[in-house]
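Note sheet for the following structure.
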Amino acid sequence: MPQRISSVTPERYPGRQTDRMAVLIDSPVWPWRGRKWSHLVSDVSHDELHAFATAELGIPRRVFQGDHYDVPEELYDVAVAAGAEPVGARELLSRLRAAGLRKPKSHAS
472 MPQRISSVTP ERYPGRQTDR MAVLIDSPVW PWRGRKWSHL VSDVSHDELH
522 AFATAELGIP RRVFQGDHYD VPEELYDVAV AAGAEPVGAR ELLSRLRAAG
572 LRKPKSHAS
């Protein structure tokens with residue numbers, strides 16, 4: 472199982488407005504290509520999210536999905552141990568929208 476030693480500190484994540492960890496992760500229930508995935512978001516800033524995904528999970532910024540990162544099931548416990556707050560999918564979406572960080576879905580005409 473992949474492991475990282477957390478280096479979470481308030482100075483480490485740009486855009487943090489409080490000492491509360493604002494990186495959220497839902498349960499790995501989303502199937503894709505034979506694996507289950509979680510969504511990782513921030514309810515403070517994308518800068519904080521990028522810093523966390525890279526430093527704590529080794530996920531490159533190029534796989535950012537506009538407002539979230541997809542996290543494979545095997546990194547879920549690593550993310551939580553590093554300080555991501557586990558929440559349900561509905562709460563994750565609600566908090567992302569409330570923060571104004573939800574990317575609207577594009578609709579094909």
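For any residue, its number in the numbering used here is found by taking its place in the sequence shown, counting from 1, and adding 471.
Glycine is no exception: its CB is placed at the ideal position from the N, C-alpha and C atoms.
Keep in mind the model is a prediction, meaning the values are calculated, not measured.
Between the CA atoms of F523 and Y547 - distance to the nearest angstrom:
Against the sequence shown, residue 547 aligns to sequence position 76. Against the sequence shown, residue 523 aligns to sequence position 52. Rounded to whole angstroms, Y547 to F523 spans 13 Å at the Cα level.
Just to confirm my understanding: we take K574, look at its own chain, exclude 5 residues before and 5 after, and list those with CB closer than 7 Å. What are they?
What you label residue 574 is simply residue 103 of the sequence shown in a count that begins at 1. Counting only Cβ-Cβ distances below 7 Å, and skipping sequence neighbours, we find G537 and D538.
If you check the beta carbons only, do S516 and A493 fall under 9 Å apart?
Mapped onto the sequence shown, residue 516 falls at position 45. Mapped onto the sequence shown, residue 493 falls at position 22. Cβ distance < 9 Å, so S516 and A493 count as in contact.
Based on Cα-Cα distance, which residue from R568, A569, R561 and L572 lies nearest to D497?
On the sequence shown, residue 497 is found 26 positions in, with the first residue counted as 1. Of the listed residues, the one whose Cα sits closest to D497 is R561.
Taking the alpha carbon of E527 as the point to measure from, which residue in P557, A550, W503 and L564 has its own alpha carbon closest?
Here the question's residue 527 lines up with position 56 in the sequence shown. Checking every option, the nearest Cα to that of E527 belongs to A550.
How would you write the range of the beta strand (DSSP E) that P494 sits in, first residue to last?
Within the sequence shown, the letter at position 23 stands for residue 494. Residue identity check: residue 494 is Val in the sequence provided, not Pro. Element bounds for V494: V494 to I496.
Is S565 helix, strand or coil by DSSP?
The residue given as residue 565 occupies position 94 in the sequence shown. Three-state DSSP puts S565 in a helix.
For the alpha helix (DSSP H) holding D541, just list the boundary residues, first then last.
On the sequence shown, position 70 is the one that residue 541 refers to. Per DSSP, D541 belongs to no alpha helix (DSSP H); it is in the beta strand (DSSP E), Y540 to P543.
Identify, in the order they occur along the chain, each residue of the same chain with its Cβ nearer than 7 Å to the Cβ of P543, setting aside the five sequence neighbours on each side.
To locate residue 543, count along the sequence shown from 1; it is residue 72. R506 and W508.
Ignore the nearest five residues each way along the sequence and tell me which others in W501's own chain have a CB closer than 8 Å to its CB.
On the sequence shown, residue 501 is found 30 positions in, with the first residue counted as 1. In its chain, beyond the 5 residues on either side, K507, W508, S509, H510 and D541 have a beta carbon closer than 8 Å to the beta carbon of W501.
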